[in-house]
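K.L.:
This is the structure I want to talk about, given as structure tokens.
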Amino acid sequence: MGRSYIVEDAVEGYLSKLCEQQAGSITGLLIGQSSTQRDFVVTATRTPQKEESAAAAGNSPDKEWVIEHARQVSRMLPGGLSVLGVFIITDTDSKDTLTTVRQLVFAVENLISSEHLWNPADDDVTDCVTLHVNPKTRKTFCRTFDVKDPKSMAKPADWKYQSGVCSSWSMVSCCINVDMLVPLPDNRTGTESMDTSLKEELKVWAHQLESGVCLIDGKKLAEDTELTGGQVDDQRLTDVVQRCGGSVSIRGAIHSRAYLHSNKPKVKLAEKLLKRDVVSTVATRVQMLLEELLTSEEESKGSSKVKRQTGTHTHVRKLTSLLH
């Protein structure tokens, strides 16, 4: 038996409207939350059409454009929500469309997962969904692929619409202060070397956060029950002094929230989703800063170069979460 997808009614209405206005193929993303037993789709969003390709797009979706859209959407999602897969609206035969959606869902997942700084959990779902909607007959074809298996074949899945899918979901939130100082190498050549240094340091920080203690309402709870005693060890580490060619300071308050598909969520799920949202938020802000610097460098080539501070500290920026 394939996976079961419980889909918000509004998604059906959204796809129907796209079927009415469609000219050529339309692609988009399916957003929701996965669980070991079934998945929940709460919304869908179409891939914006590129103006220069509006007339020449035909039935062949621009894979790179779809991937970039998925990357931007994934960065904006709150904790607990993720891109579960892709949809395509086309009157092309479902067998012919299968290859296209398979390529899209693998490419999307590979890019999104490449930006994750956390270690995969044993209960993480590796199946991603593809939905093909025929705009003429309104018939849907739902299939899943195990994106961690390059040879994965399509598996049929159950697609059911339901009202109020997320009406009973719980929400947990937290605030964490971030203060990191990332050393840069003496022989750095530009933004690329800074990118490498930042990513390595963020990975270390993310792993520390993963293994950190999470208090729920001020209490340390087990996965299903409350602990009755014991105190958390207070461990302090001495700062390592090292020679470097500069540094980047990352400071700010991250306000994180995560949505849980059950009205009686387990502590394990709440902790995992909150920590991942914190890591994702910080990583996204840092990446946006690097992209801004890289764009500035490219624009300055051939003209006056952008002045940089090359002393002990470089590019001290305050990163504060604006998303949550």
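Mind the numbering: the sequence shown is residues 1 to 324 in the UniProt record's numbering, read in order. Every residue, glycine too, gets a C-beta built ideally from N, C-alpha and C. Keep in mind that this is a model prediction, so the values were computed, not measured.
When DSSP labels each residue in this structure, what does M180 get in the three-state scheme?
P.N.:
Along the sequence shown, read from residue 1 onward, the residue named residue 180 stands at position 180. Strand at M180.
K.L.:
So, for V133: in the same chain, excluding its five sequence neighbours on each side, which residues have a beta-carbon less than 6 Å away from its beta-carbon?
P.N.:
In the sequence shown, counting from the first residue as 1, residue 133 sits at position 133. So the qualifying residues of the chain are L15, I89, T140.
K.L.:
Is the segment 74-88 touching the segment 26-34 in the sense that three or more CB pairs, one from each, lie closer than 8 Å?
P.N.:
Yes: the two stretches touch, three or more of their Cβ pairs being nearer than 8 Å.
K.L.:
Counting beta carbon pairs with one atom in the segment 59-77 and one in the segment 120-130, are three or more of them shorter than 8 Å?
P.N.:
At 8 Å Cβ cutoff, the stretches do not touch.
K.L.:
Work out the CA separation of L117 and V204 for me, nearest whole Å.
P.N.:
Stepping through the sequence shown from its first residue, residue 204 is reached at position 204. Stepping through the sequence shown from its first residue, residue 117 is reached at position 117. Roughly 9 Å between the two C-alpha positions.
K.L.:
Which stretch, first to last residue, makes up the alpha helix (DSSP H) that contains E115?
P.N.:
Position 115 of the sequence shown, counted from the first residue, corresponds to residue 115. From DSSP, E115 is part of no alpha helix (DSSP H); its letter is neither H nor E.
K.L.:
With a CB to CB cut of under 6 Å and the five nearest residues on each side skipped, what residues in its chain are close to E271?
P.N.:
Counting from one through the sequence shown, the residue named residue 271 turns up at place 271. Within the same chain, E271 has close Cβ partners C214.
K.L.:
Could you give the first and the last residue of the continuous alpha helix (DSSP H) run that contains C128?
P.N.:
In the sequence shown, the residue the question calls residue 128 occupies position 128. C128 -> not in any alpha helix (DSSP H); beta strand (DSSP E) instead, spanning 127-133.
K.L.:
So is T97 buried or exposed if we call it buried at 16+ other beta carbons inside 10 Å?
P.N.:
Indexing the sequence shown from 1 puts residue 97 at position 97. Under this definition T97 is a buried residue.
K.L.:
Using C-beta distances below 8 Å, list every residue in its chain close to N119, excluding the 5 sequence neighbours before and after it, in chain order.
P.N.:
In the sequence shown, counting from the first residue as 1, residue 119 sits at position 119. Cβ neighbours of N119 beyond the five flanking positions: H207, E210.
K.L.:
In three-state terms, what does DSSP make of C19?
P.N.:
The residue given as residue 19 occupies position 19 in the sequence shown. Three-state DSSP puts C19 in a helix.
K.L.:
Any idea if K136 is buried or exposed, counting beta-carbon neighbours within 10 angstroms, 16 or more meaning buried?
P.N.:
Mapped onto the sequence shown, residue 136 falls at position 136. By the neighbour-count rule (16 or more Cβ atoms within 10 Å), K136 is not buried but exposed.
K.L.:
If we ignore side chains and look at the alpha-carbon of each, how far apart do S167 and Y161 end up?
P.N.:
For the purposes of this step, residue 167 is identified with residue 167 of the sequence shown, where counting begins at 1. For the purposes of this step, residue 161 is identified with residue 161 of the sequence shown, where counting begins at 1. Cα to Cα, S167 sits roughly 14 Å from Y161.
K.L.:
For the alpha helix (DSSP H) that contains Q72, what are its first and last residues?
P.N.:
Position 72 of the sequence shown, counted from the start, is the residue given in the question as residue 72. That run of the alpha helix (DSSP H) goes 63-76.
K.L.:
Excluding the five sequence neighbours on either side, which residues of its own chain have a C-beta within less than 6 Å of the C-beta of S163, listed in chain order?
P.N.:
In the sequence shown, residue 163 corresponds to position 163, counting from 1. Hits under 6 Å: D9.
K.L.:
Please report how far the alpha carbon of P265 lies from the alpha carbon of V147, in whole angstroms.
P.N.:
Within the sequence shown, residue 265 is the residue found at index 265, counting from 1. Within the sequence shown, residue 147 is the residue found at index 147, counting from 1. Each residue's Cα considered, the two are about 27 Å apart.
K.L.:
Below 8 Å on the Cβ atoms is my contact criterion, and I expect G2 with D158 to pass it. Report the Cβ-Cβ distance as a whole number of Å.
P.N.:
Here residue 2 refers to the residue found at position 2 of the sequence shown. Here residue 158 refers to the residue found at position 158 of the sequence shown. At roughly 6 Å, the Cβ-Cβ gap stays under 8 Å, so G2 and D158 are in contact.
K.L.:
Give a yes or no on contact between the segment 247-263 and the segment 169-188, applying the rule of three or more CB pairs nearer than 8 Å.
P.N.:
Flag = yes, the segment 247-263 and the segment 169-188 touch.
K.L.:
Would G212 be called buried (16 or more neighbouring beta carbons within 10 Å of its own) or exposed?
P.N.:
As a working note, residue 212 is residue 212 in the sequence shown. Exposed, by the Cβ-count rule.
K.L.:
Between N110 and Q287, what straight-line distance do the alpha-carbon atoms span, to the nearest angstrom?
P.N.:
Taking the first residue of the sequence shown as position 1, residue 110 is located at position 110. Taking the first residue of the sequence shown as position 1, residue 287 is located at position 287. Distance between the alpha carbons of N110 and Q287 is about 17 Å.
K.L.:
Take F40 and list the residues in its own chain whose beta-carbon comes closer than 6 Å to its own, dropping the five residues that flank it on each side.
P.N.:
As a first step, residue 40 must be located in the sequence shown, where it is residue number 40. I6, G32, Q33, V165, H261.
K.L.:
By the three-class DSSP mapping on this structure, what secondary structure does E223 have?
P.N.:
The residue given as residue 223 occupies position 223 in the sequence shown. Looking at E223 - three-state DSSP - the assignment turns out to be coil, as it is neither helix nor strand.
K.L.:
Mapping DSSP to helix, strand and coil, what is A258?
P.N.:
Position 258 of the sequence shown, counted from the first residue, corresponds to residue 258. Looking at A258 - three-state DSSP - the assignment turns out to be strand.
K.L.:
Should A44 go down as buried or exposed, given a rule of 16 or more other Cβ atoms within 10 Å for buried?
P.N.:
Taking the first residue of the sequence shown as position 1, residue 44 is located at position 44. Buried, since its Cβ has 16 or more Cβ neighbours within 10 Å.
K.L.:
Nearest to E297 by CA position, among M194, S25, A121, is which residue?
P.N.:
What you label residue 297 is simply residue 297 of the sequence shown in a count that begins at 1. When only C-alpha atoms are compared, the closest one is M194.
K.L.:
Does the separation of the CB atoms of F145 and V105 fall below 8 Å?
P.N.:
Numbered from its first residue, the sequence shown carries residue 145 at position 145. Numbered from its first residue, the sequence shown carries residue 105 at position 105. Yes, Cβ-Cβ distance for F145 and V105 is below 8 Å.
K.L.:
What residue from L198, W169, S247, S152 has the CA that sits closest to D186's CA?
P.N.:
By 1-based counting over the sequence shown, the position of residue 186 is 186. The shortest C-alpha separation from D186 is found at S247.
K.L.:
Hey, quick one: how far does the alpha helix (DSSP H) through Q287 stretch, first residue to last?
P.N.:
Position 287 of the sequence shown, counted from the start, is the residue given in the question as residue 287. Element bounds for Q287: 267-300.
K.L.:
Would you call G79 buried or exposed, if buried means 16 or more other Cβ atoms sit within 10 Å of its Cβ?
P.N.:
Against the sequence shown, residue 79 aligns to sequence position 79. G79 is buried by the Cβ-count criterion.
K.L.:
For R143, which residues from the same chain have a beta carbon less than 7 Å from its beta carbon, with the 5 sequence-adjacent residues on both sides left out?
P.N.:
Here residue 143 is taken as the residue at index 143 of the sequence shown, counted from 1. T130, A154, K155, P156, A157.
K.L.:
Considering only C-alpha positions, which residue in the set L273, K151, K268 is nearest to Q103?
P.N.:
Counted from its first residue, the sequence shown places residue 103 at position 103. Selected option, being the one with the closest Cα: K151.
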